[in-house]
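As structure tokens, the structure follows; a few thoughts come after it.
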Amino acid sequence: MLLHSASQLLTLAGPPQRGQELGRLAIIPDGAVLIRDGKIAAVGTSEELKSAYPSEEALDVSAKVVLPGFVDPHTHLVWAGDRAAEFEMRLEGKTYLEILETGGGILSTVNATRKASTQELIESARSRLWQMFYHGTTTAEAKTGYGLELETELRMLDALQALDSEGPWDLALTFLGAHAIPNEFAGKTDEYTSLVCESMLPALLRWSETQPGQNPLPFVDVFCETGAFNLEQSRRILETAQDLGFPLKIHADEFDNLGGTQMAAEMGAASADHLVSVSDADIRALAQSDTVAVGLPGTPFGLAESKYTPARKILEAGGLLAIASDLNPGTAWGESMQFAIALACRYMRLIPAQAIAAATINAAAAIERHEMIGSIEVGKLADLLVLDVPDFRHLGYRFGINLVQSIIKEGEIFAVKG
Ligand code: NIG
Ligand code: FE
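FYI, in our numbering the residues of the sequence shown are 1150 to 1567.
Spelled out as structure tokens, the structure:
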């Protein structure tokens, strides 16, 4: 198939974009893409590709913007129930960490998730996944972390594997058994940390080895925060995971600065996420590493807080920056990467070109898939979006509606609007 006549073809060609390079869209005006066997076979101007492939089935996208599918590198896609009552409590003055301390927050979602069947988990996550997909997310990371016991954690992984194989999207799996301290371990975080290290992570390895298909080992993540895991406990979990061969992620500096960002950079984690309360030293350490800083602007927005990831400082220091939705029932129930871009432009002070690169090629780097997705280059998966806008800057500028006209996932077309 030859997609041609895109008014702006944002290729994002090249490696992940560090520091002030962020925002290099590598635009081809009147652009065209040749797709074969689900992959990108050629990229150029419409004139070049139409004359080189005259008999190819053609798809005219005149007056449309074409860009790579969004990669959402941080979601908590699978859960049961909702936290609408807590939303109200927070609006009335309780903080997120206060609610967690009294057994609510993540722990109330844990209760609901443990009670749900795997089939129920699949069904509720599936409807969110279709929303994500129709808003342009062609690949997403998705975490466990609402089981906090081996059986439910593995059921969440089973649900994710089932969803990955049934739909057009791709999922990158993450084990977040260290998301909170379950009630049965209240006051015994060290003991729960030992359980994660000595029993859950080896079981995760056995689970991974029995999975069919080519999916790489899941990431292992930890919520390094006051009221969750301290720096030493987080280090124990990540070091054990690394020794077993798992790639790493971390939730760090969302509320309090515990040193998780620097530790992630030193350990070579794929990403360090949240980074709202980061110090200048953390930013320097991060910038000297290949660890991607993932900003989650939907989270402070969802919590009605005023501090966001200091994206400009990260870029000035030369760091790699991505953005994600953080889709979850507590802080950020929002499926749309278009909305994350709109928030990143306003509150992380990115310009649209930077936010787009942060949501595509750099987001792919945050899940170690930048060799296969995140840009429109020969050999990569044909994961593309056609936007019904005259100029790419409408991404970021506009919000609350879907600008995607159609999604092409590995060469297959899904129409959102006629
Ligand atoms: O990334 N902060 C920890 N985890 C999630 C929230 C999960 C929840 O509240 O259910 C986050 O914001
Ligand atoms: Fe999260």
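Note that CB positions come from ideal geometry on N, CA and C, so glycine has one too.
Residue i Cβ short of 6 Å to ligand 4 heavy atom set
i	result
Asp1370	Because ligand 4 does not appear in the structure shown, any question about it cannot be addressed here, the ligands present being ligand 1 and ligand 2.
Residues bridged to residue i [DSSP beta-bridge criterion]
i	result
Pro1178	Gln1157
Glu1388	Its beta-bridge partners do not exist; DSSP assigns none.
Val1441	Ser1420 and Leu1469
Ile1556	Leu1534 and Phe1563
His1400	Phe1372 and Asp1422
Ala1434	For Ala1434, which the question treats as bridged, DSSP gives no partner whatsoever.
Val1220	Thr1288
Ala1481	Asn1477
Leu1544	Arg1547
Arg1232	Bridge partners of Arg1232: none, in fact.
Leu1151	Leu1183 and Ala1207
Phe1378	Cys1373
Arg1167	Leu1469
Span separating the alpha-carbon of residue i from that of residue j
i	j	result
Ser1343	Gly1468	33 Å
Ala1377	Asp1405	11 Å
Val1140	Lys1243	No answer is possible for residue 1140: the residues shown for the chain start at 1150 and end at 1567.
Leu1552	Phe1282	13 Å
Thr1480	Ile1505	23 Å
Ala1390	Ile1330	18 Å
Phe1368	Ser1200	45 Å
Ser1348	Glu1358	16 Å
Glu1300	Trp1356	11 Å
Asp1579	Leu1216	The structure shown does not extend to residue 1579, since the chain is modelled only from 1150 to 1567, so the question has no answer here.
Lys1566	His1284	12 Å
Ile1177	Ser1273	39 Å
Pro1446	Ile1399	17 Å
Val1192	Leu1320	26 Å
Ala1311	Pro1317	12 Å
Gly1417	Glu1388	11 Å
Tyr1202	Ala1175	23 Å
Leu1151	Leu1171	29 Å
Ala1190	Val1527	5 Å
Leu1581	Leu1407	The question about residue 1581 has no answer here: the residues shown for the chain are numbered 1150 through 1567.
Gly1230	Arg1275	14 Å
Pro1539	Gln1280	24 Å
Pro1478	Ile1255	9 Å
Asp1402	Val1427	6 Å
His1225	Tyr1457	20 Å
Ala1308	Thr1262	12 Å
Ser1204	Lys1188	18 Å
Leu1353	Arg1542	43 Å
Leu1140	Ile1525	The question about residue 1140 has no answer here: the residues shown for the chain are numbered 1150 through 1567.
Ser1195	Ser1555	19 Å
Leu1198	Glu1206	12 Å
Pro1314	Ala1434	Here residue 1314 is Ser; the residue named in the question, Pro, does not match the sequence. Rounded to whole angstroms, Ser1314 to Ala1434 spans 38 Å at the Cα level.
Arg1173	Arg1304	41 Å
Leu1392	Val1441	Sequence inspection shows Asp at residue 1392; the Leu mentioned does not correspond to that position. Distance between the alpha carbons of Asp1392 and Val1441: 21 Å.
Ala1430	Ala1162	31 Å
Inset, instruction - Answer yes if the stretch 1155-1165 comes into contact with the stretch 1208-1216, meaning at least three C-beta pairs across the two stretches below 8 Å, and no otherwise. - result: yes
Legend entry - the stretch 1367-1384 touching the stretch 1409-1421, judged by at least three CB pairs closer than 8 Å: yes
Inset, instruction - Assess, as a yes-or-no matter, whether the stretch 1522-1532 is touched by the stretch 1224-1239 under the definition of 3 or more beta carbon pairs within less than 8 Å. - result: no
Inset, instruction - Taking 8 Å as the threshold, find out whether the stretch 1318-1328 comes into contact with the stretch 1284-1301 through three or more Cβ pairs. - result: yes
Inset, instruction - Could you say if the stretch 1242-1254 and the stretch 1547-1565 meet the contact criterion of at least three C-beta pairs nearer than 8 Å? - result: no
Inset, instruction - Could you tell me which uninterrupted beta strand (DSSP E) segments, each at least 3 residues in length, are contained entirely in the stretch 1181-1218, listed from first to last along the chain? - result: 1188-1194, 1207-1209 and 1214-1217
Inset, instruction - Give a yes or no on contact between the stretch 1450-1460 and the stretch 1491-1504, applying the rule of three or more CB pairs nearer than 8 Å. - result: yes
Inset, instruction - Indicate whether the contact test is met: 3 or more Cβ pairs, each with one atom in the stretch 1274-1291 and one in the stretch 1470-1487, closer than 8 Å. - result: yes
Legend entry - Sufficient close CB pairs (3 or more, under 8 Å) joining the stretch 1256-1271 to the stretch 1537-1547: no
Inset, instruction - List in chain order the residues whose CB is within less than 6 Å of at least one heavy atom of ligand 1. - result: His1225, Gly1254, Ile1255, Thr1258, Phe1372, His1400, Glu1403, Thr1448, Asp1475, Asn1477, Pro1478, Gly1479 and Thr1480
Legend entry - Three or more C-beta pairs below 8 Å linking the stretch 1168-1182 and the stretch 1223-1236: no
Legend entry - Complete beta strand (DSSP E) runs within the stretch 1260-1337 (minimum length 3 residues, chain order): 1286-1292 and 1319-1327
Legend entry - Cβ contact (3+ pairs, closer than 8 Å) linking the stretch 1219-1227 and the stretch 1499-1516: yes
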